[in-house]
Ligand SMILES: C[S@@+](CC[C@H](N)C(=O)[O-])C[C@H]1O[C@@H](n2cnc3c(N)ncnc32)[C@H](O)[C@@H]1O
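In my numbering, the protein residues as written are 243 to 455.
Have a look at this one:
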């Protein structure tokens with residue numbers, strides 16, 4: 243019993259300013275402020291955009307995207323867990339490692355923006371968590387390449403680790419501009435970063451001269 247109480251106490255301590263603010267605004271998670279910061283920094287959304295959100299639960303990024311793309315925009319979200327509906331969003335329950343890109347795109351033709359706030363179930367073992375985050379990021383990038391329209395934009399969460407440089411370079415082969423952002427609303431102790439990319443170059447294979455990779 244005493245143990246349960248102390249756990250509850252820990253949770254209360256973790257309820258920070260951003261979590262409280264999210265509650266007051268009707269958004270489902272504090273993560274919304276990270277997306278807002280990224281959006282303000284790079285101008286992610288336009289009215290009427292078609293947006294895919296990978297790892298969308300509980301749905302605050304979908305809620306935010308809806309406010310930016312308007313009623314004419316289209317939203318698709320996927321997560322391993324089901325979430326409550328978001329107006330006008332098509333929601334899939336599934337794993338990004340097994341989903342078929344065509345099932346995400348449906349009748350939309352392509353997306354203008356692909357988002358990934360996916361995080362692994364953390365173990366507390368740093369290199370294991372980093373490796374899992376890198377795999378999720380790489381899959382998100384792969385799905386973005388498979389589903390974006392030329393000129394499209396991408397945001398992917400990535401735990402800082404040994405493979406970060408390679409993954410940022412991989413994004414650079416596919417997008418005209420790539421930058422990394424650590425939002426102020428991301429907990430300072432967290433090793434998460436967001437890789438943002440714009441100007442998708444298209445799906446054709448990008449050839450690099452032999453010996454330069
Ligand atoms: C930090 S939460 C996303 C929060 C969301 N951006 C929001 O604002 O509501 C990360 C999500 O990634 C999902 N996720 C992790 N691995 C996944 C996978 N392989 N396939 C689909 N979703 C995954 C988790 O289930 C979790 O809901």
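For every residue, glycine included, the Cβ atom is placed at its ideal position computed from N, Cα and C.
Residue i and residue j closer than 8 Å at C-beta
| i | j | result |
| --- | --- | --- |
| residue 330 | residue 308 | yes |
| residue 341 | residue 396 | no |
| residue 300 | residue 280 | no |
| residue 319 | residue 289 | no |
| residue 424 | residue 360 | no |
| residue 457 | residue 304 | In the structure as shown, the chain starts at 243 and stops at 455, and residue 457 therefore has no counterpart that could be examined. |
| residue 196 | residue 409 | For the chain, the structure presents residues 243 to 455; residue 196 sits outside this window and is missing. |
| residue 351 | residue 332 | no |
Environment of residue i [buried if 16+ CB atoms lie within 10 Å]
| i | result |
| --- | --- |
| residue 392 | exposed |
| residue 292 | buried |
| residue 387 | buried |
| residue 261 | exposed |
| residue 368 | exposed |
| residue 413 | buried |
| residue 283 | exposed |
| residue 430 | exposed |
| residue 278 | buried |
| residue 418 | exposed |
| residue 314 | exposed |
| residue 366 | exposed |
| residue 394 | buried |
Among the options, the one whose alpha carbon lies nearest that of residue i
| i | options | result |
| --- | --- | --- |
| residue 442 | 270, 420, 358 | 420 |
| residue 377 | 390, 405, 387, 263 | 405 |
| residue 402 | 388, 423, 433 | 433 |
| residue 286 | 437, 446, 445 | 437 |
| residue 339 | 350, 375, 310, 317 | 375 |
| residue 416 | 407, 444, 366, 431 | 444 |
Same chain, Cβ closer than 6 Å to residue i, neighbours up to 5 away in sequence not counted
| i | result |
| --- | --- |
| residue 302 | 269, 270, 271, 273, 274 |
| residue 322 | 337 |
| residue 353 | 292, 294, 389, 390 |
| residue 439 | 396, 413, 417, 420 |
| residue 372 | 401, 403 |
Residues of its chain near residue i, where Cβ-Cβ distance is below 8 Å and the 5 sequence neighbours each way are ignored
| i | result |
| --- | --- |
| residue 276 | 359, 425, 427, 428, 436 |
| residue 335 | 320, 321, 322, 323, 324 |
Cut-off 7 Å between Cβ atoms - residues of its own chain near residue i, not counting five sequence neighbours on either side
| i | result |
| --- | --- |
| residue 298 | 304, 319, 320, 321, 325 |
| residue 343 | 385, 388, 389 |
| residue 362 | 371, 374, 375, 378 |
Notebook entry, point to check: What alpha helix (DSSP H) runs, 4 residues minimum, are completely inside the stretch 256-294?
Noted result: Listed in chain order, they are 259-267, 274-284.
Checklist line | Contained alpha helix (DSSP H) runs [length at least 4] in the stretch 296-340, N- to C-terminal order | finding: The alpha helix (DSSP H) runs of length 4 or more contained entirely in the stretch 296-340 are, from start to end of the chain, 302-311.
Item checked: Contained alpha helix (DSSP H) runs [length at least 4] in the stretch 396-424, N- to C-terminal order -> Correct list: 406-414.
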